[in-house]
Each structure stands twice: as C-alpha cells, then as structure tokens.
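What follows is a single structure, written as structure tokens, with notes after it.
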Amino acid sequence: MKTIKILIISILTSFGLIAQPAFEFSRNIYRSPYANGTEYRVSQDDITHTPIGAFDLRATGDDNCDTHQIVAAAAGTVRYVEDDYNVSGPGNSASNNYVWIAHANGEWTKYTHFKQNSVAVTVNQVVSAGTYLGLECSIGAVSPAGFRHLHFEVRAPADPVNPPMDLTGGFMDNSEQRLIPVICDIPNNYYTKDDVYTAANCSCTAGANQSFVINTVGNGEKEVSLASNSVSAASLVTFSNGSIGFFRAGNNVTLSPGFTANTGTYFHASVGSCNTTPNN
C-alpha cells in the first residue's frame, strides 16, 4: 500500500468584527447544477440575491420549462421533495417546487422552481454528483412571474439530521448557516453576478501545483486556490479583515512564514480531492 505524507493546515478566524464577511466558503466542492453542456448565467449572486447568500442561475437559450435539466451538485441523500405546484409569481412562496439534498459533511443544497411533476428523485434516495433532479422552470416565488431560473443555495445546519424547516415553501430557518459554494472548473471557482458558464463534471485538473502569490486579499474580496497535488502560499500573503479564502490540494497545502489571516477573516485550507466530501 502506498503511503503519502501530507501536511494539513487549517485556519478559521471569525471574531465578529464589523468587517467580518457575511459568509464562508463551503467545504464541499460542487459541480454546476445543470446537465453537462448547458450554458447558464448567474442572474443574482450571494451579494445581490434577496435574501443574501443564495444564487439565481438561469440556463440560456430556449425559454420554456421542458428543456433545461437540473442535476445534483454533489453526492448525497435526498431529504425533501415538492413538485405538485404550477403557480408562478411574486408572493407564491407557498407554491415552491424544490429538492433538498444532504451531503456527507453536513452541508445541504437546495434547488427550487422545478416544473410541476418533473422531479425525478424521491426522499431518501442516494444520488451522485450529476444525477438528474428535474426541469428548470418558474414555479413558486419568482419575480417577475414566469421568470424561468434555478434558485440554488448551500446551508450548513446546526442539526444536519433534522434542521428547522418550513416545508410549505421549503425554507430552512434563517438562523442556519449559509455558505458560498466552491464550484469546480469555472474561473475563480465561485459564482459572480452576470458571469456565464458551461456545465460539466468536475475534472479535478486545476493544475498539479498552484502557487498563491497575491500579496493582499482585501476587505470583501474572495480567493480560491485548488490543485491536484499542492497549493503553496508565498511569504507575506495577507488575508485582510473582511476577506474569505479557501485552499484545497490533493496532497499538501503549505502556508509560508509571513502568511497572515487577520482577525475578521474566514480562511480554510484542507487536503483532499475535488471529488471527495471532506469531514473538516
């Protein structure tokens, strides 16, 4: 059996200062929640979405509810399903069609606004990344009425077995932690409003070795560095108060002397493949 010596360094500082960012990055690395080859646009990101911390994604092209396939963004177990409704428009939160999936590390993903009776998974079904869930549509609380899109969010409930949930609209309680999903194989590895992507499986080919050389990550800025073998941060790298960072490598992560994650920063580094669900 081959033995690999690994270095794991994990830093998380969150001391409640005014500049502390609203959300951390997810620990999971997620694939695009659309079938491979689907082009889609981020119409609202974690900053511009109401409420903040969720994402509205919209497949480009044909504007009906029979075309664009939504898939699981990571392996997990389906926990809640609703797809009986066929009403669209503001104020129709009680008519949401949705799927919640629980993942092995305690994170949950939500997919909302499916076409009526299109959901193809059932409660307690185990799914893989890329498993077909249903068709993108505009059912439930959408504005304007008929605006076809996928509402996508990642949560880390305090009780991952039985989180507080309003099943009428599929709303997890606002007290439960929201996360910014780390997305494989897209520029920057996180969603930004108005960016356009093409969905694909996680290739895990982000480069064997990555050297992080940005001197200062400022307040409100985000940085992700992924590599199949190693990520190393140059000396004198500083994550400033109010910034967030995420490093993941297959074998080792090295933070050089002089690396600083200031108070009020969310920073996490871990070792593992982009196709695994970490336990840290």
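Count the sequence shown with my numbering and you get residues 935 to 1214, in order. Here a beta-carbon is modelled for each residue, glycine too, at the ideal position from N, C-alpha and C. Keep in mind that this is a model prediction, so the values were computed, not measured.
Ala-1090 - DSSP class collapsed to helix/strand/coil: strand
What residues match up with Leu-991 in a beta bridge as DSSP calls it? Val-976 and Leu-1084
Per the DSSP calculation, Tyr-968 is bridged to which residue(s)? Ile-1004
Three CB pairs or more closer than 8 Å across the stretch 1087 to 1097 and the stretch 1035 to 1048: yes
Opposite Ile-1117 in the DSSP bridges: which residues? Tyr-964
Between the beta-carbon of Asn-1135 and the beta-carbon of Asn-1163, is there less than 8 Å? no
Between Asn-1058 and Thr-1132, is the Cβ-Cβ spacing less than 8 Å? no
On the criterion of 16 or more Cβ atoms from any shown chain inside 10 Å, does Val-1147 qualify as buried, or is it exposed? exposed
Quick check on the burial criterion: 16 or more other C-beta atoms within 10 angstroms. Buried or exposed for Leu-1160? buried
Given a threshold of 16 other Cβ atoms within 10 Å of its Cβ, counted over all protein chains shown, does Cys-1208 qualify as buried or as exposed? buried
Can you look up Ala-1028 in the DSSP assignment and give me helix, strand or coil? helix
One question on the structure: do Glu-1070 and His-983 come within less than 8 Å of each other, judged by their Cβ atoms? no
Tell me where the beta strand (DSSP E) around Thr-933 begins and ends. The first residue shown for the chain is 935 and the last is 1214, placing residue 933 beyond what the model contains.
Quick one: using the 10 Å Cβ neighbour count with 16 as the cut-off for buried, is Ser-963 buried or exposed? Looking at the sequence shown, residue 963 is not Ser but Ile. Buried is the call here.
Terminal residues of the beta strand (DSSP E) in which Val-1187 lies: 1186 to 1189
Should Ser-1027 be counted as a contact of the ligand ADP given a C-beta to heavy atom distance under 7 Å? The model depicted lacks the ligand ADP and carries no ligand whatsoever.
Express the C-alpha separation of Asp-1119 and Ile-1178 in angstroms, rounding to a whole number. 19 Å
Quick check on Glu-1157: buried or exposed, where buried means 16 or more other Cβ atoms within 10 Å of its Cβ? buried
Might you give, ordered along the chain, the residues of its own chain that have their beta carbon closer than 7 Å to the beta carbon of Thr-1056, omitting 5 neighbours on each side? Val-1012 and Val-1015
For a quick check, are the C-beta atoms of Val-1088 and Ser-966 less than 8 Å apart? no
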